[in-house]
Amino acid sequence: MSLVTSAVASDDSFKPVVLFQGEVQPGSYLQLIEQGVARFEQNTGIMVKRIHLKPNNEKYLAELEQAAKDGLSPIIVQESNIITTFPDVALRYPSTRFISLDVAYHVPNILGLTFSHAEGAYVIGYLAGRKTESNKLGFVGGVDVDVINQFRCGFELGAQDANPLATVNAQYINKGAFSWEDTQGAETITQSLLDQGVDVIFPVAGFASLSVVETIKNSGHGFSFGVDYDYSQRYPETTLASMEKKVDLAVYAALMQLKNGIWNGNQKKFGVKQGVISISLNQDNPNLSEDDKQAVKNILLDLKGKSSIISQRIDQHCAS
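Take 498 as the starting number for the sequence shown in our numbering and just add one per residue.
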């Protein structure tokens with residue numbers, strides 16, 4: 498990562514745009530991106546162009562290249578984790594700045610905003626291991642890619658540390674860009690897990706995660722966790738806790754940095770210590786004991802410390 502700071506913004510060159518793939522639904526990951534963009538607009542008076550596309554990776558890639566041709570910069574790329582040829586586009590437009598969500602690349606004009614998913618997922622897994630009665634846990638991922646598997650790895654490690662008898666059945670929707678909105682696919686997977694005796698499930702499937710929690714609620718048994726947002730108010734009976742990923746803060750910070758002409762490296766990582774990854778316990782769920790709450794508090798204190806033992810274990814176990 499370069500330590501050289503260079504000026505990258507001017508009135509003429511700073512023309513930000515965000516490419517959304519899928520509908521910006523309330524309670525979705527895309528809405529968090531939108532919130533970060535809207536906050537930037539409110540605080541600076543600079544408008545950010547929005548391009549809304551239906552799930553289609555080829556179309557997304559074409560629109561991404563067209564935005565670069567049109568002189569827009571920086572370009573916020575939502576789907577960089579599943580569009581493998583995105584770096585090739587960035588290399589063809591070296592004067593354009595790209596903001597990549599979730600993935601960092603060794604490409605000089607891509608700023609990768611990455612997140613310590615395994616840290617937050619470890620806490621969720623630890624709590625799941627404590628609360629399962631069947632010792633059968635479930636994980637529902639959107640797509641089988643490294644970013645989602647970081648969640649899975651942390652969840653599995655936390656569950657094992659809390660309960661060595663617990664096993665994790667991991668399933669993926671795996672329908673490409675449509676996976677994040679495939680509520681029917683998420684429902685089918687969740688019902689299958691419940692039928693197999695799984696009693697605690699962690700969904701990491703974008704907007705489709707809500708379908709996982711809804712299915713658990715309708716089944717009348719089992720517990721779940723929120724992801725990206727706090728699900729406690731929407732699903733108070735089934736939600737034990739939520740792993741909030743405040744991508745809005747990261748998007749806002751990146752836009753402000755580039756607006757101010759700062760380019761001091763091509764990767765920024767956010768985790769528990771930075772307050773971007775956080776755990777919200779459902780304080781009103783009677784199934785959470787004081788011991789459960791204290792256990793979570795202790796883990797979070799460790800993760801926020803200068804030399805976190807848990808973070809070191811996670812790094813060793815979940816190295817990508």
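Don't be surprised by glycine CBs; every beta carbon is placed ideally from N, CA and C.
Checklist entry - Hey, residue 784 and residue 737 are a contact pair by Cβ (cut 8 angstroms); roughly how many whole angstroms apart? => result 7 angstroms
Item to check | Runs of alpha helix (DSSP H) lying entirely within the stretch 740-799, each at least 4 residues, in chain order | outcome: Counting only runs that start and end inside the stretch 740-799, the alpha helix (DSSP H) elements of at least 4 residues fall at 744-756.
Checklist entry - Taking contact to mean at least 3 C-beta pairs separated by less than 8 angstroms, is the stretch 557-567 in contact with the stretch 746-760? => result no
Checklist entry - Is there contact between the stretch 715-735 and the stretch 676-695, where contact requires at least three CB pairs shorter than 8 angstroms? => result yes
Checklist entry - In chain order, what residues of the same chain have a beta carbon less than 6 angstroms from the beta carbon of residue 674, not counting five sequence neighbours either side? => result 518, 552, 554
Checklist entry - If you drop the 5 nearest sequence neighbours on each side, which residues of the same chain put their C-beta closer than 7 angstroms to that of residue 777? => result Residues 727, 729, 738, 739, 741 of the same chain have their beta carbon placed closer than 7 angstroms to that of residue 777, with the five preceding and five following residues left out of the count.
Item to check | Nearest-angstrom beta carbon gap, residue 573 and residue 515 [assumed within contact, 8 angstroms] | outcome: 4 angstroms
Checklist entry - According to DSSP, what are the bridge partners of residue 623? => result According to DSSP, which records beta bridges pairwise, residue 623 is partnered with nothing at all.
Next on the checklist: Using a 10 Å radius around the Cβ and a threshold of 16 neighbouring Cβ atoms, would you call residue 810 buried or exposed?
Outcome noted: Exposed.
Next on the checklist: Let's see if you can read the secondary structure: which residues bound the beta strand (DSSP E) around residue 665?
Outcome noted: 664-669
Item to check | Which listed residue (562, 798, 683, 582) has its alpha carbon closest to that of residue 669 | outcome: 683
Next on the checklist: Using a Cβ-Cβ distance cut-off of 7 angstroms, determine whether residue 606 contacts chain B.
Outcome noted: The chain labelled as chain B is not found in the depicted structure, where only one protein chain is given.
Next on the checklist: Can you tell me whether residue 627 is buried or exposed? The criterion is at least 16 other CB atoms within 10 Å of its CB, across all chains shown.
Outcome noted: Buried, by the Cβ-count rule.
Checklist entry - How should residue 618 be labelled, buried or exposed, when 16 other C-beta atoms within 10 angstroms of its C-beta is the threshold for buried? => result buried
Checklist entry - With distances taken from CA atoms, which of 735, 723, 654 is nearest residue 743? => result 723
Checklist entry - Which class does residue 685 belong to by DSSP, given the choice of helix, strand or coil? => result helix
Next on the checklist: Rounded to whole angstroms, what is the Cα-Cα separation between residue 659 and residue 645?
Outcome noted: 22 angstroms
Checklist entry - Which residues bound the beta strand (DSSP E) around residue 701? => result Boundaries of the beta strand (DSSP E) harbouring residue 701: 697-701, taken from the DSSP string.
Checklist entry - Relative to the alpha-carbon of residue 665, which residue among 651, 671, 672, 676 has its alpha-carbon at the smallest distance? => result 651
Checklist entry - Taking the C-alpha atoms as reference points, what is the distance between residue 661 and residue 712? => result Take the alpha-carbon of residue 661 and the one of residue 712: they are about 27 angstroms apart.
Checklist entry - Of the residues 539, 545, 587, which one's Cα is nearest the Cα of residue 558? => result 587
Checklist entry - Based on the DSSP output, what are the partners of residue 547 in its beta bridges? => result 515
Next on the checklist: Here's the rule I'm using: 16 or more other beta-carbon atoms within 10 Å means buried, otherwise exposed. How should residue 733 be labelled?
Outcome noted: exposed
Item to check | For residue 812, the first and last residue of its enclosing alpha helix (DSSP H) | outcome: Taken as a continuous stretch (DSSP letters only), the alpha helix (DSSP H) holding residue 812 covers 806-814.
Checklist entry - What residues match up with residue 738 in a beta bridge as DSSP calls it? => result Per DSSP, 722, 778.
Item to check | Other residues of its chain near residue 503: CB distance less than 7 angstroms, five sequence neighbours each side excluded | outcome: For residue 503, the predicted model reports a pLDDT of 42, less than 50, meaning its position is unreliable; a value from the coordinates is still stated below. Answer for residue 503: 760, listed in chain order.
Checklist entry - Roughly how many whole angstroms lie between the Cα atoms of residue 614 and residue 768? => result 7 angstroms
Checklist entry - The alpha helix (DSSP H) spanning residue 652 covers which residue range? => result 643-659
Checklist entry - Which value, in whole angstroms, describes the spacing of the CA atoms of residue 667 and residue 511? => result 43 angstroms
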